[in-house]
Amino acid sequence: MRGGYNSVQPSFVASETLGLRPVLRGAFRTAPRRPRSAASPVYQLAAAAGGGQRRQERPSPSSYGKGAGASSKKGKDEKKTVQQFTRGQGFAKTASTKSTRTLLRPGVQSPPRTVPSHIPRPKYAAGDIPARSQRLLPRMPWDIEVKTPEQIERMRKAGRIAREVLDAACKAVHVGMTTDEIDAIVHEETIRRNAYPSPLHYNGFPKSCCTSINEVICHGIPDSTRLRDGDIINIDVTCYVEGVHGDCSEMVLVGNVDKRGRELVRVTFECLEKAISICSPGAEYSMIGAVIEDHATQHGFGVARDFFGHGIGEEFHDNPNILHFRNREPYGRMKVGHTFTIEPMLHETMNTRYRVWSDGWTAVTEDGGRSAQYEHTLLIVEDGVEILTRKTSDSFPYFWETEAAADAPRESDS
Ligand code: MF3
Ligand code: CO
Ligand code: CO
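Structural data, given as structure tokens:
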């Protein structure tokens, strides 16, 4: 997703110059950082720490973003509960949950994977160059490309392939698996279809997909971290096929996930579903955020404000920005031939502040609460919207579908 929302500066500044990086927050602006490569100090720190372990303590704000080598002042093994702050019914109330879930810390990354040279790759993949717009002239944020029928056919194919790859990855998830193993599956399944895994070398991103566990909001880097019983994970897959990208993500429950975690995941899916349902020619882009924020808030979940959905096509991230919260941004109305993603990230609490690890990518909730996300690539058509990354009959089912099947009265019961 794209990042950077600022009510102080005109939004077209964010749209045209910031791209993916979540660098604006109110009047505060962090220096754009280059993501580090595998040979960077971060990588070595993680390796030295024997990464993939998890902190047994609540992160103090300062203990995030220092890499695995950082330790907070308090003893490392001291067990603390994750304090969670929720707001409901108009009162600010502090709810202390008895969660003993351990927080994540960076694991060890494997060496970068390679893509056979016969597979066409996006320009940014060639070297260490920023993925900038290929357009020469700056554009206003409401300047949204209308795809040609020929581009649309390629987008359909890219969406279908991204879906197949995501399904393969989701089906493989099990307790004890590493996120690097997920990355290997995504990588192999992508190149097997003569597609390029879009995240690989995108602005220096070192892996072929994003894997975001529990308190990771988005952009988690696959590494030696092992999935544990009770985790929730988002797998985000983007495939570059015949010159265009298809982008989708979903959540997988690892083993037994508690009730609130399942609710978070399901409500996040419902937010995406509701947002898609209002998409059609003439609909205002700004309505997407209203629908999502309303539904999330009804369940006591906050909506991430710093990461956006995006136009997509020959570029991975393009106009328009898709904000997932109430807004009055001038992105205009949907037209037949627009292609974009919706990818809401919900927080377990109403605190939607975030931090980024020193790897320059991994975005985590400030309070350690969990976060969930679903994403589809969409095409506006005459009579509504086509979900280019929709599931097929072979897809990995949603957990509530399989739960419902298990609970449903059997023929023999009646
Ligand atoms: N797939 C993400 C999105 O939904 C973007 C990932 S960019 C990466 O837009 F570099 F982090 F991979
Ligand atoms: Co996206
Ligand atoms: Co994505």
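Under the numbering used here, the residues of the sequence shown are numbered 24 to 437, in order. We treat Cβ as the ideally placed atom computed from N, Cα and C, and that holds for glycine.
{"Check": "Assuming the contact rule is C-beta atoms closer than 8 Å, residue 342 and residue 162 should be a hit. Round their C-beta distance to whole Å, please.", "Outcome": "6 Å"}
{"Check": "In whole angstroms, what separates the C-alpha of residue 259 from that of residue 325?", "Outcome": "21 Å"}
{"Check": "Cβ of residue 294 versus every heavy atom of ligand 1: is any distance shorter than 7 Å?", "Outcome": "no"}
{"Check": "Taking the straight line between their C-alpha atoms, what separation do you get for residue 307 and residue 412?", "Outcome": "22 Å"}
{"Check": "List the endpoints of the continuous beta strand (DSSP E) containing residue 331.", "Outcome": "330-334"}
{"Check": "What is the DSSP secondary structure of residue 94, counted as helix, strand or coil?", "Outcome": "Per-residue confidence for residue 94 stands at a pLDDT of 36, beneath the threshold of 50, marking its modelled position as unreliable; no derived number is given."}
{"Check": "Would you kindly report the start and end of the unbroken beta strand (DSSP E) that includes residue 444?", "Outcome": "Outside the displayed range of the chain (24 to 437) lies residue 444, so it cannot be described from this structure."}
{"Check": "What does the Cβ neighbour count give for residue 102, buried or exposed, with the cut at 16 atoms within 10 Å?", "Outcome": "With a pLDDT of 35 at residue 102, under the threshold of 50, the predicted position of this residue should be treated as unreliable, and no value is reported."}
{"Check": "Could you check whether the stretch 168-183 touches the stretch 367-377, counting it as contact only if at least three pairs of C-beta atoms, one from each stretch, sit closer than 8 Å?", "Outcome": "no"}
{"Check": "Per DSSP, which one or two residues make a beta bridge with residue 263?", "Outcome": "219, 268"}
{"Check": "Under 7 Å Cβ to Cβ from residue 423, same chain only, skipping five residues before and after it: list those, please.", "Outcome": "289"}
{"Check": "Run through the DSSP bridge pairs and tell me what residue 307 is partnered with.", "Outcome": "356"}
{"Check": "Where residue 295 and residue 269 are concerned, what is the direct C-alpha to C-alpha distance, given to the nearest angstrom?", "Outcome": "17 Å"}
{"Check": "Within its chain, find whatever has a CB closer than 8 Å to the CB of residue 277; leave out the 5 residues flanking it on each side and keep chain order.", "Outcome": "196, 197, 198, 250, 251, 252, 253, 254, 255, 256"}
{"Check": "List the DSSP bridge partners of residue 396.", "Outcome": "368"}
{"Check": "Thinking residue 188 and residue 212 are a contact (beta carbons under 8 Å), I'd like their distance in whole angstroms, please.", "Outcome": "4 Å"}
{"Check": "What does residue 362 pair with, by DSSP beta-bridge criteria?", "Outcome": "402"}
{"Check": "Regarding residue 206 and ligand 1, is the C-beta to nearest heavy atom distance less than 7 Å?", "Outcome": "no"}
{"Check": "Taking C-alpha atoms, which residue in 264, 267, 192, 145 lies nearest to residue 233?", "Outcome": "192"}
{"Check": "Please confirm whether residue 377 and residue 272 have their CB atoms less than 8 Å apart.", "Outcome": "no"}
{"Check": "If you count every other CB in all the chains shown that lies within 10 Å of the CB of residue 427, and 16 or more means buried, which is it?", "Outcome": "exposed"}
{"Check": "Could you say which of 425, 399, 429, 405 lies nearest to residue 186 if we only look at CA atoms?", "Outcome": "399"}
{"Check": "Tell me the residue span of the beta strand (DSSP E) that contains residue 388.", "Outcome": "386-388"}
{"Check": "Compute every distance between the C-beta of residue 235 and the non-hydrogen atoms of ligand 3, then say whether any falls below 7 Å.", "Outcome": "no"}
{"Check": "How about residue 154 and residue 225: do their beta carbons lie closer than 8 Å?", "Outcome": "yes"}
{"Check": "Output the boundary residues of the beta strand (DSSP E) element that contains residue 124.", "Outcome": "Element bounds for residue 124: n/a, residue is neither H nor E."}
{"Check": "Quick one: residues in its chain with C-beta nearer than 6 Å to the C-beta of residue 235, no 5 flanking neighbours on either side, listed in chain order?", "Outcome": "241, 243, 257"}
{"Check": "Check residue 226 in the structure and name its three-state DSSP category.", "Outcome": "helix"}
{"Check": "Can you name the residues that DSSP bridges to residue 249?", "Outcome": "201"}
{"Check": "Excluding the five sequence neighbours on either side, which residues of its own chain have a C-beta within less than 8 Å of the C-beta of residue 336, listed in chain order?", "Outcome": "168, 170, 174, 178, 267, 268, 362"}
{"Check": "Give a single yes or no on whether residue 213 has its beta carbon closer than 7 Å to a heavy atom of ligand 5.", "Outcome": "Only ligand 1, ligand 2 and ligand 3 can be found as ligands here, which leaves ligand 5 out of the picture."}
{"Check": "Tell me where the beta strand (DSSP E) around residue 407 begins and ends.", "Outcome": "407-410"}
{"Check": "Which residues in the same chain as residue 310 place their Cβ atom closer than 7 Å to its Cβ, once the five residues preceding and following it in sequence are excluded?", "Outcome": "301"}
{"Check": "Do residue 291 and residue 395 have their CB atoms nearer than 8 Å?", "Outcome": "yes"}
{"Check": "In angstroms with no decimal places, state the Cα-to-Cα distance between residue 305 and residue 416.", "Outcome": "31 Å"}
{"Check": "Output the distance between the C-alpha atoms of residue 126 and residue 329, rounded to the nearest integer angstrom.", "Outcome": "22 Å"}
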